[in-house]
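Visitor: One rule links them: number in our numbering = place in the sequence shown (from 1) + 1325. Questions regarding the structure given below will be posed in turn.
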Amino acid sequence: MTFQPDSILQGFPIYMELKVMNVGDENADSIKIEFYLNDSDSVLHRTNIKVPADTSNKVEYIIQTDQLSPHASHKIKAIASLQSSDEYYVYNNIIDNSFFVVRDSIKPIFTVTIDGKEIVNGDVVSAKPEILITLKDDSPLPLDTSLFTIIYNNIPLSFSRADVQYTYTPYPNSESKIRWTPDLPDGKHTLEALAKDASGNFFDTTSLRTVFYVYNQPNLLYVYNYPNPFKNDTYFTFELRGTVVPDEFLIKIYTVAGRLIKDITVPSSSLNIGFNRIYWDGRDEDGDEISNGIYFYKVISRLNDETKIITQKLAKVK
């Protein structure tokens, strides 16, 4: 009896092969083979084979290791018996061998994103966000919701909620994903998440805890460019609030005389509720580097029939 391999990570199947020899001079038309696991009285697998005189045959079987104890040796005992009593010897009809199941010890990968990004404490998020909680693992053992603990505003999140969806992709791309699409009220919110894989490996020694804020009323705030003054290029930064991003978002840059030198249209797909950052290379509409000096810029946000405009000043220096 052999195993291939003889040591395997829990969750992977192991291949067993048993060679049965007939050393007699008559055909064995019906040999019953029974396999037992770890001295159990229950038959793990039973089959019948034929072995012609003075030849051999083999039995192949796949052993599933999902439910076997990890970090332990497991014994398989095979008992062969003829359906008739025409057998010279029976002492050599029993054989056993062992294989080892290895416990997974690698931490899973765990992420929490809100509207596609990992947030930091104090971030502003949409009042109707898409919260994705993802657990990825390299083990073949299946994942399920029992491996997650999600606490929202000090209350456990129920996976039976209508706005919660759970999906699982099996090995080799083992991944559990919780998609939560709530309608959140204004104010401060906390989300705490803890997860482990099926072997009991936690993604970290502590839970992932995030504090964020929600404002249902659309708004454009904290418009700045950084660095300012700038030498070569700069970023326009601002905060968006509400449930959805603006339909139209523009940044217009003017000389002090009021001449428009640069018109930046920001697509909605590049915006998100909360902090935003838009890059500018410091060049005008013709692609030329702007001269040193003071400039004004307008940030224009349009959502439905409402428009908000904020004007700020920037400086270019060498």
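For each residue, glycine too, the CB sits at the ideal point set by N, CA and C. Source: prediction; values computed, not measured.
Is it right to say glutamate 1631 is buried, meaning 16 or more other beta carbons lie within 10 angstroms of its own, or is it exposed?
Guide: exposed
Visitor: Can you tell which of Leu1407, Gly1441, Ile1388 has the C-alpha that lies nearest to the C-alpha of isoleucine 1401?
Guide: Ile1388
Visitor: So, under 8 Å CB-CB, alanine 1452 and aspartate 1508 are touching, yes? Tell me the CB distance rounded to an integer number of Å.
Guide: 7 Å
Visitor: Only counting the same chain, and skipping five residues up and downstream in sequence, which positions put a Cβ closer than 6 Å to that of valine 1548?
Guide: Sequence-distant partners of valine 1548 (beyond 5 residues in either direction) whose C-beta falls short of 6 Å from its own C-beta, in its chain, are Phe1563, Val1624, Ile1635, Gln1637.
Visitor: Just list the residues that DSSP pairs histidine 1514 with in beta bridges.
Guide: Phe1537
Visitor: DSSP three-state label for threonine 1470, please.
Guide: helix
Visitor: To the nearest angstrom, how far is it from the Cα of lysine 1513 to the Cα of valine 1449?
Guide: 9 Å
Visitor: What are the residues that DSSP puts in a beta bridge with isoleucine 1456?
Guide: Ile1439, Trp1505
Visitor: Near glycine 1447, what residues of its chain come up, given a Cβ to Cβ distance below 8 Å and the 5 sequence neighbours on each side ignored?
Guide: For glycine 1447, where only same-chain residues beyond five positions count, the Cβ hits under 8 Å are Val1536, Phe1537, Tyr1538.
Visitor: How about proline 1395: is its Cβ closer than 6 Å to a heavy atom in the ligand GTP?
Guide: The model on display carries no ligand, and the ligand GTP is accordingly not part of it.
Visitor: Tell me, which residues are paired with glycine 1599 by DSSP?
Guide: Leu1565
Visitor: Return the residue from the list Ile1358, Phe1424, Leu1596, Ile1586 that minimises the CA-CA distance to isoleucine 1374.
Guide: Ile1358
Visitor: Mark asparagine 1479 as exposed unless 16 or more other C-beta atoms lie within 10 angstroms of its C-beta, in which case mark it buried.
Guide: exposed
Visitor: Reducing DSSP to helix, strand and coil, say where serine 1626 ends up.
Guide: strand
Visitor: Counting pairs of beta carbons, one from the region 1544–1560 and one from the region 1519–1532, are three or more of them closer than 8 Å?
Guide: no
Visitor: So for serine 1594, helix, strand or coil by DSSP?
Guide: helix
Visitor: Classify isoleucine 1426: buried if its beta carbon has 16 or more other beta carbons within 10 angstroms, exposed otherwise.
Guide: Per the sequence shown, residue 1426 should be read as valine rather than isoleucine. So valine 1426 counts as buried.
Visitor: For phenylalanine 1424, which three-state DSSP category applies?
Guide: DSSP places phenylalanine 1424 in strand when its eight states are reduced to three.
Visitor: Tell me, please, whether the CB atom of phenylalanine 1574 is closer than 7 Å to any CB atom in chain C?
Guide: Looking for chain C here will not work: only one protein chain is present.
Visitor: Which same chain residues end up closer than 7 Å to serine 1423 when comparing Cβ atoms and leaving out the 5 residues on each side of it in sequence?
Guide: Ser1398, His1399, Lys1400
Visitor: So serine 1381 and lysine 1344 are in contact, right, with Cβ under 8 Å, and what is the actual spacing, rounded?
Guide: 6 Å
Visitor: May I ask which residues mark the beginning and end of the beta strand (DSSP E) holding asparagine 1347?
Guide: In the DSSP assignment, asparagine 1347 falls within the unbroken beta strand (DSSP E) covering 1339–1347.
Visitor: How is the beta strand (DSSP E) around isoleucine 1356 delimited, first residue to last?
Guide: 1353–1362
Visitor: Checking 7 Å against the spacing of the C-beta atoms, do proline 1571 and arginine 1504 come in under that value?
Guide: no
Visitor: Could you give the DSSP three-state label for phenylalanine 1528: helix, strand or coil?
Guide: coil
Visitor: How far does the beta strand (DSSP E) with leucine 1369 in it reach, from first residue to last?
Guide: 1368–1376
Visitor: For the pair the region 1427–1434 and the region 1487–1494, tell me if three or more CB-CB distances fall below 8 Å.
Guide: Three or more beta-carbon pairs separated by less than 8 Å are not found between the region 1427–1434 and the region 1487–1494, which leaves the two stretches without contact.
Visitor: By Cβ distance below 8 Å, which residues in the same chain neighbour lysine 1383 in space, the five residues on each side in sequence not counted?
Guide: Glu1342, Leu1343, Lys1344, Val1345
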